[in-house]
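Residue numbers (the UniProt record's numbering), protein chains in the order written: chain A, 1 to 250; chain B, 1 to 263. Heads up, the beta-carbon is just placed ideally off N, CA and C, and yes, glycines get one too. Fair warning: this is a prediction, and the values are worked out from it, not measured in the lab. These notes concern the structure reproduced below.
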């Protein structure tokens, strides 16, 4: 079975072929350059364009997104005008039932197909901070994403990464990139999850993770021989389960 | 049934004040120059976050330091457990437990905050409200109808209902997008089958429509219109339901007779 390294995308030497979505949160500059340079498609969801515009001041022409989508209630007029003028695709997606992030991913999945790209991971900057309902909406988008694509959708902000592990599978997570922080976590956001893990300091052995019963936060990796690498973390779950982990300061 | 105003807690003063571990560092920093006027009743935790100088200062000032090393529960959960005991022991009349922090920073700790709210429901009937930046969150108990007074003047533009942990069979009224009769469970987003309800000034509060719905997650901002009657959002749910309320904004208009527009 395949192994997936969540933090591979942040390694300059990483092997994953990625696409990048930028959301309406301050952009971590440490991550931005690595991700932007590797990404085959780069997109902004609405106000994400404001943050891109601000971050790339002085050299904006070198950092033009392939498209910006949204209902455009967050993007600033000068930002919208700039990117329109530079011929970035501006795609108005007014559907009120779906967030800008969900719509951004939907377009990305279509573009990947249309351009016949070989992609391993969709990486998102932003989504885990700010307004609390929007953090929850990010999690909701990860559920939608599973219906849109088999590709893992990874969300990164500050020093947290989150990815929704599909149900009915055993996942092998490579946590040996050297970028892993101290903590990791498994959260049954949508429903109780019957879970078995290995490679964690506190493993689960066919146990139910559920809010009000048992939620794994502030977990960490099992001790390992410093000369060898960490063994992969394995997670088997019967329902979608949210994995999150800390990122070492770059 | 009683009404609960989530943002009312910003007004009165606290009867018990506590810090969970590193919370003491933030209190120490914030109150520089007048720390003696802001001494917590207790600080609990495994003390892996509190700075040595901070711990020493509060110990010296005779604040209770309560080491709670249990590794299965977070400092926040343990802080609440102590608080519930203290309220009983001191026979205090308390309406709400308010928490500063918990909705930002490390993502697993945001999730842990939500988990603590579930635990809290087993410890006490008091609402536990969590506030950080411009978000407030509270877990609505299952099997009850909740009436939320959203007329303090501090409410921001958005509100949200999130079925954390399991699907929720839910009824609401008073929201811009109430949900109609739909079968739904996570992870679907259910669009409303009804047009947004507008409440009129001449409809008495107890005639506000309440409809039974199943739903998953609102992802769009929900606007609350104010009018001269206290507008309440009525929510009942068969499973614990997390309500995230509103930013705080400084009131830009007077309460009472002033109507204002849907944004």
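So if DSSP puts residue i in a beta bridge, which residue, or which two residues, is it bridged to?
i                     : result
residue 119 (chain A) : DSSP lists no partner for residue 119 (chain A).
residue 160 (chain A) : A:157 and A:246
residue 20 (chain B)  : B:44
residue 67 (chain A)  : A:43 and A:89
residue 79 (chain B)  : Residue 79 (chain B) pairs with nothing; no bridge assigned.
residue 38 (chain B)  : According to DSSP, residue 38 (chain B) bridges with nothing at all.
residue 135 (chain B) : B:132
residue 64 (chain B)  : B:42
Where residue i and residue j are concerned, what is the direct C-alpha to C-alpha distance, given to the nearest angstrom?
i                     : j                     : result
residue 159 (chain A) : residue 249 (chain A) : 7 Å
residue 26 (chain A)  : residue 32 (chain A)  : 11 Å
residue 139 (chain A) : residue 227 (chain A) : 37 Å
residue 148 (chain B) : residue 151 (chain A) : 41 Å
residue 51 (chain A)  : residue 24 (chain A)  : 7 Å
residue 53 (chain B)  : residue 65 (chain B)  : 14 Å
residue 16 (chain B)  : residue 58 (chain B)  : 16 Å
residue 191 (chain A) : residue 155 (chain B) : 30 Å
residue 194 (chain A) : residue 175 (chain A) : 22 Å
residue 43 (chain A)  : residue 157 (chain A) : 16 Å
residue 161 (chain A) : residue 79 (chain A)  : 28 Å
residue 62 (chain A)  : residue 55 (chain A)  : 12 Å
residue 132 (chain A) : residue 101 (chain A) : 15 Å
residue 166 (chain A) : residue 35 (chain B)  : 50 Å
residue 177 (chain A) : residue 16 (chain A)  : 12 Å
residue 157 (chain B) : residue 3 (chain B)   : 21 Å
residue 129 (chain A) : residue 133 (chain B) : 10 Å
residue 171 (chain A) : residue 234 (chain A) : 5 Å
residue 162 (chain B) : residue 173 (chain B) : 16 Å
residue 215 (chain A) : residue 208 (chain A) : 9 Å
residue 46 (chain A)  : residue 22 (chain A)  : 9 Å
residue 154 (chain A) : residue 240 (chain A) : 14 Å
residue 88 (chain B)  : residue 19 (chain B)  : 19 Å
residue 148 (chain A) : residue 106 (chain A) : 7 Å
residue 86 (chain B)  : residue 48 (chain B)  : 24 Å
Can you list the residues of chain B that residue i reaches, using a CB-CB cut of under 7 Å?
i                     : result
residue 185 (chain A) : 108 and 111
residue 128 (chain A) : 107
residue 244 (chain A) : 107 and 108
residue 210 (chain A) : 165
With 16 other CB atoms within 10 Å as the buried threshold, where does residue i fall?
i                     : result
residue 23 (chain B)  : buried
residue 3 (chain A)   : exposed
residue 263 (chain A) : One cannot answer for residue 263 (chain A) here, as it falls past the ends of chain A, which runs 1 to 250.
residue 135 (chain B) : buried
residue 60 (chain B)  : exposed
residue 279 (chain A) : Summary: the structure shown does not reach residue 279 (chain A), with chain A confined to residues 1 through 250, and so no result is reported for it.
residue 117 (chain A) : exposed
residue 185 (chain A) : buried
residue 29 (chain A)  : exposed
residue 44 (chain B)  : buried
residue 212 (chain A) : buried
residue 31 (chain B)  : exposed
residue 308 (chain A) : In this structure chain A extends from 1 to 250, so residue 308 (chain A) is not present and cannot be described.
residue 106 (chain B) : buried
residue 95 (chain B)  : exposed
residue 72 (chain A)  : buried
residue 145 (chain B) : exposed
Mind listing the chain A neighbours of residue i? Cutoff is C-beta to C-beta under 7 Å, in chain order.
i                     : result
residue 103 (chain B) : 132
residue 162 (chain B) : 136
residue 118 (chain B) : 211 and 212
Which residues of chain A have a Cβ atom closer than 9 Å to the Cβ of residue i, listed in chain order?
i                    : result
residue 36 (chain B) : Per Cβ cutoff of 9 Å: no residues; residue 36 (chain B) is ~33 Å from chain A at best.
In chain B, which residues lie less than 8 Å from residue i when you measure between Cβ atoms?
i                     : result
residue 217 (chain A) : 74, 108, 109, 111, 112 and 115
residue 287 (chain A) : Because chain A in this structure spans residues 1 to 250, residue 287 (chain A) falls outside the shown range and cannot be described.
residue 188 (chain A) : 165
residue 330 (chain A) : Not covered by the structure: residue 330 (chain A). The range shown for chain A is 1 to 250.
So, helix, strand or coil for residue i, using DSSP?
i                     : result
residue 326 (chain A) : Residue coverage of chain A in this structure runs from 1 to 250, which leaves residue 326 (chain A) outside it and unanswerable.
residue 215 (chain A) : coil
residue 124 (chain B) : coil
residue 110 (chain B) : helix
residue 9 (chain A)   : helix
residue 101 (chain B) : coil
residue 141 (chain B) : coil
residue 300 (chain A) : Outside the modelled stretch of chain A, which goes from 1 to 250, sits residue 300 (chain A), for which no answer is possible.
residue 79 (chain A)  : helix
residue 34 (chain A)  : helix
residue 57 (chain A)  : coil
residue 109 (chain A) : helix
residue 207 (chain A) : strand
residue 180 (chain A) : strand
residue 5 (chain B)   : coil
So residue i contacts chain A; which residues on that side make the cut at Cβ distance below 8 Å?
i                     : result
residue 137 (chain B) : 132
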